[in-house]
Amino acid sequence: MDSFSDGYCRDPEIMKISSILIKLAIVFVGVAAFITYIRSRRVPEHLIYIDGHADKEFELVKDVFKENFARGWERDGSSISVYYKGKKVVDIWGGYADLQSERRWKKDTMNVAFSSTKAVAGLCVALLVDRGHARYNQKVVEFWPEFGKHGKDKITLEMVMGHTAGLAHLDEIFTFEDARNPKRMSEIIENQVPHWSPGEKLGYHAVAFGWIVDQVVRRIDPKGRGVGKFFKEEIADLHDIDFHIGLPLELSHRVSRLSMTTHWQRFDELLTDPHAINITHVVKDILTGGLLSKMGTNPYWMQSIFRMTINNPDIYTLEQPAVLGIGTARALAKLFHLVLEGKILSKETLQKIARPSVIDYDIVIGITISRGHGFTYINEQRGNHSFNMVGHAGLGGQNVRFDLENEFSFGYLSNGLKNGLGNTARTYICLKEAIYDSIIKIREKEQAQVG
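Per my numbering, the very first residue in the sequence shown carries number 3; after that it's consecutive.
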């Protein structure tokens, strides 16, 4: 070692390590500064396109909607609609239905709702139950005897709707032509072996739910209609709901073009909320070939995470009520506004579907969640105010919710997909909180006037 006479250590190895550490620190600071700069950039005002209306009491929702675009969180286009106490109070849209061609999002632009469609499927089944054509505690084999193969004979309708049936995905590979053939899909489901003992665990049936529910509806509907036709004839046409499960090809020009999340956007969203995705569970599932990984690979022709084949208009035509509902946010908000108003279901059935049938750890997606009747349930506190929302989130940010006690419903759809499901998308969270705050402000004003 060199002399310490001048007060410094001149060991070449230590000096080399120190130099490397200093350089790494400089690089780290530089990268951090660059990331901070990128994340803080705002989209210029003149490039932000917003249209529609929000009542004065709900202008905060419109402001937040615009801010999502300004911060670059809303990349392509989106729309949100809110009903409160029997009135449409928010109906706004903005951005691009197709960013590449610069086709703007219009009032009548439709979007794929992904798993938010499950709430509509849940409503269809609830209506059939309400009319006495089925019971939630009824075994599926009572109206579909062939379903009982391979230990599925004890599965009830509620197990199917609550994702405890053990049918997280379909193992048999099937084609687009198979999907168009109800008889073929029936055979595939009948031959499926449960992934766990039915009723013993909760696990998201992300895509399989749709194929199964369509078959269930075909059997409990007295007219034998598929879920898409049943919804159209019994609900959508009667109430002017611009939402489809099985979109006619001639309407496909109104559908926005979906875009995948880039690696940077995934990283940026995780920086905003590191808990938005259970990364440990996802990585473990990928490495072990778990249920989450498998359910996303079949069918191979209907993909939206690593490939965007779901932009194919031919796929839109399928009656697939787990993924392929297509319509406007306005339609979703209006649909569940009508449910709240008692225009679709009886009070008894509405009260039933407003409560979960199971609260447990979901072994597929790795979170504890409340499910039942085709819906998920969220209970949140905002200050001294409680919100109990029923509905379903969808891939990339989609969401539809209604709150029985607070008398509101809303739909939110976007085509620039975000990380994970809709409940954790930062654009959705900001909008949801703006709705909460608007309602709280109205309440407090009303209470002050009474006082």
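Glycine is no exception: its CB is placed at the ideal position from the N, C-alpha and C atoms.
- Under DSSP, R403 shares a beta bridge with G393, F412.
- Taking R106 as reference, the option from R428, R259, A167, L347 with the minimal CA-CA separation is R259.
- The DSSP-derived three-state label of V92 is strand.
- Note on the region 204-259: whole beta strand (DSSP E) runs with a minimum of 3 residues are 245-247, in chain order.
- Under the three-state reduction of DSSP, Q383 is assigned to strand.
- With respect to the 8 Å criterion, I442 and G385 are classified as neighbours on the basis of their beta carbons.
- Listed in chain order, the beta strand (DSSP E) runs fully inside the region 295-362 are 327-329, counting runs of at least 3 residues.
- Secondary structure of F178 (DSSP, three-state): helix.
- Of the other Cβ atoms in all chains shown, 16 or more fall within 10 Å of the Cβ of I94; this residue is therefore buried.
- Take the alpha-carbon of I371 and the one of L253: they are about 36 Å apart.
- About 7 Å separates the beta carbons of L326 and I247, which is inside the 8 Å limit, making them a contact pair.
- Per DSSP, H265 has no beta-bridge partner at all.
- Collapsing the DSSP output to three states places S21 in a helix.
- The region 84-99 and the region 60-67 touch, with no fewer than 3 CB-CB distances between them shorter than 8 Å.
- Note that the C-beta distance between E144 and G418 is not below 8 Å.
- Under the DSSP assignment, T429 falls in the alpha helix (DSSP H) whose first and last residues are 428-452.
- S83 sits away from F410, with the two beta carbons spaced by 8 Å or more.
- Remark: C-beta atoms of V392 and L204 do not approach each other more closely than 8 Å.
- H277 counts as exposed, since fewer than 16 other C-beta atoms from the protein chains shown sit within 10 angstroms of its C-beta.
- Scanning its chain for C-beta atoms nearer than 6 Å, with the 5 sequence neighbours on each side dropped, one finds around D78 the residues G97, Y98, L101, S261, N417, G418, in chain order.
- Within the same chain, Cβ atoms closer than 8 Å to the Cβ of F176 are found at R186, M187, I190, N300, P301, the five residues on either side in sequence being excluded.
- Pairing N425 with E192, the inter-Cα distance amounts to about 33 Å.
- S388 sits in a strand when the DSSP states are folded into three classes.
- Residue pairing from DSSP places V84 in a beta bridge opposite V92, F412.
- The C-beta of M112 has 16 or more other C-beta atoms within 10 Å across all chains shown, which makes the residue buried.
- Here K68 has I52 as same chain residues with Cβ atoms under 6 Å from its own Cβ, once five neighbours each way along the sequence are excluded.
- Only residues of its own chain outside the window of five on either side were considered, and among them N421 have a CB closer than 7 Å to the CB of R268, listed in chain order.
- Nearest C-alpha to G124 among E104, P358, E15, K225: P358.
- Contact annotation: K447 and Y85 have beta-carbon atoms that are not nearer than 8 Å.
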